[in-house]
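So the sequence shown is residues 16 to 448, counted in the numbering used here.
Glycine included, every Cβ here is placed at the ideal spot set by N, Cα and C.
Each remark here refers to the structure printed beneath this line.
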Amino acid sequence: MPVHRSLLLAVATVAAVLSGGSAAAEPDPPAVVRASVVSDDLALTNVVPTWGAQIPKVVYDGRFYYAATLDGDGAQYPWSAQVWRSRNGTVWTPVVRLPGHVYQPVALLVDGEGDLHLQVACYTGAECYPGVAPAPGADLGAVYPVRLEFTEHHANGSVDFDQPTDHTIRQPGSERYYQGLAIDRDGRYLYSAYAVDGWDLWINVFDTVTGQDVHTSKVGSPPAGRAWLYPRVQPGTEPGEVSLSFSQYVLGTPNSAYLDAALLFSSADDGRSFPEQRILTENPAPDGDGNWVDASDLTVDADGVVHSVFYRRDGGVGTLYYQRGLDGDPVPVGAMDNHSQVLVAPDGEITVFSSEGADLVVATSTDGVDWTVDHHTIPGVAAALWPNLLSARQGSRVPPGFGGRRPTTGMLMAGQLTGDPSFHPLLFVRYKD
């Protein structure tokens, strides 16, 4: 398969501000953002390729990076999808194409043995992943989860995508809508939370060692006329801990922004029950335009404390909020997009990644109360959209050069050019504080 020549798009620096230090203290170096092109061939016009913040799309397995995204010809639906690999995060090679019948974006995760897992919700009627039989049913008649594990590798250590172990569920009623995925801290249990027909929310726990499901349990039912969608999944630091944040959608409304609540649920028994249930924020009269809310992301710190970010749009003005714990006070972070993602460093510093125009937007705080928001322009594109982070939540190892006192964060972002309705190039962005 030919190697796609990747171009180094940007080296952007932003001066750091030194506060409270003595005259002899040396300031930290400025933040650095580098962006390389994964692919410049995407032709989608009806969805941002990195859409689906709850789905991890870029990983590093200790040998290679792998990235996945939706693709298609203009407004094609159902979509196709692609997966790329890279040894260094700069030069990317296409490795497999999902030819069609793709319902939701492809998820990539790495287990404790270093094996890659690919999950994607697909329509019946034709192959979704090459060589993997679809679930029975009429063309586009139902949705089912393709679940593949890759234990075989080429001589260079890269994944052999022609030899998957197939864990696909093909029984009727196995639909998984808007699923979010994560893997536990030990890399053994893969969590998938998703909506089903009727819009109840369910969770599945899959044992990557035995290749068997541990359990599939109902999380709960939304109020009448509502659906619970886009669950973000975050396992805790102790066995059995898992938290979900998700959005409540008003059924029968004209667009997907009719969201009237963002919720946070937490479990201590591996998702069999969720006794801790909170409303992060709500708007009883969303209009899908100037007034709505969204559950953006969540993570846990080294002490097992949950950190959430959520979005409110009121009177056409959007604000991202941060909350520490289940019952912390919401704190405004700034005018950031609802497709924001959050990380907490080992030293407790909180970082939120977002986008605005051609900028990567980065908000940082040491206490969750006072926030600094910086913009880092990525030259060569009119827009750089919706970062999808490379993190431990999907089992990613720390790539070479990413650790140290000033760690690097990697992410997938979708680019767009002036006057071009399609979303390209696809970017791998590295941010070093």
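In the displayed model, Gln338 falls within a strand according to three-state DSSP. Between Tyr81 and Val63, the beta carbon gap of about 20 Å keeps them out of contact (Cβ cut-off 8 Å). Burial state of Thr387 is exposed, judged by a 10 Å Cβ sphere holding fewer than 16 other Cβ atoms. The C-beta distance from Val377 to Thr392 rounds to 12 Å, too long to fall under 8 Å, and the pair is not in contact. Taking C-beta atoms as the reference points, Tyr209 and Arg241 fail to come closer than 8 Å. Here DSSP, grouped into helix, strand and coil, assigns Gln409 to helix. Within its own chain, the residues whose Cβ lies closer than 6 Å to the Cβ of Ile70, once the five positions on either side in sequence are excluded, are Pro120 and Ala122, listed in chain order.
When beta bridges are read from the DSSP output, Glu256 appears opposite no residue. Fewer than three Cβ pairs drawn from the segment 86–93 and the segment 176–187 lie within less than 8 Å of each other, which leaves the two stretches out of contact. Beta-bridge annotation (DSSP): Leu279 is paired with Ser260 and Arg293. Around Arg203, the same chain offers Asp126, Gly127, Asp222, Thr223 and Val224 as residues with beta carbons nearer than 8 Å, after the five sequence neighbours per side are excluded. Note on Gln292: under 16 other CB atoms within 10 angstroms of its CB, so exposed under the neighbour-count rule. Buried is the label assigned to Gly115, since at least 16 other Cβ atoms lie within 10 Å of its Cβ. Under a 10 Å Cβ-count criterion, Arg339 is classified as buried, with 16 or more other Cβ atoms of the shown protein chains found around its own Cβ. Glu371 has Asp374 as its beta-bridge partners, per DSSP. For Thr252, the closest of Leu133, Asp56, Asp318 and Thr334 by C-alpha to C-alpha distance is Asp318.
In the DSSP assignment, Phe221 falls within the beta strand (DSSP E) that extends over Leu216 to Asp222. Within the segment 59–112, no alpha helix (DSSP H) run of at least 4 residues lies entirely inside it. Here Val158 is not near Val147, since their CB atoms are 8 Å or more apart. Around the CB of Asn219, 16 or more other CB atoms lie within 10 Å, so the residue is classed as buried. The beta carbon of Asn353 lies closer than 6 Å to those of Asp309, Ser311 and Tyr326 in the same chain, with the five residues before and after it left out.
Considering only Gln134, Phe79, His168 and Glu167, the residue with the shortest C-alpha distance to Tyr192 is Gln134.
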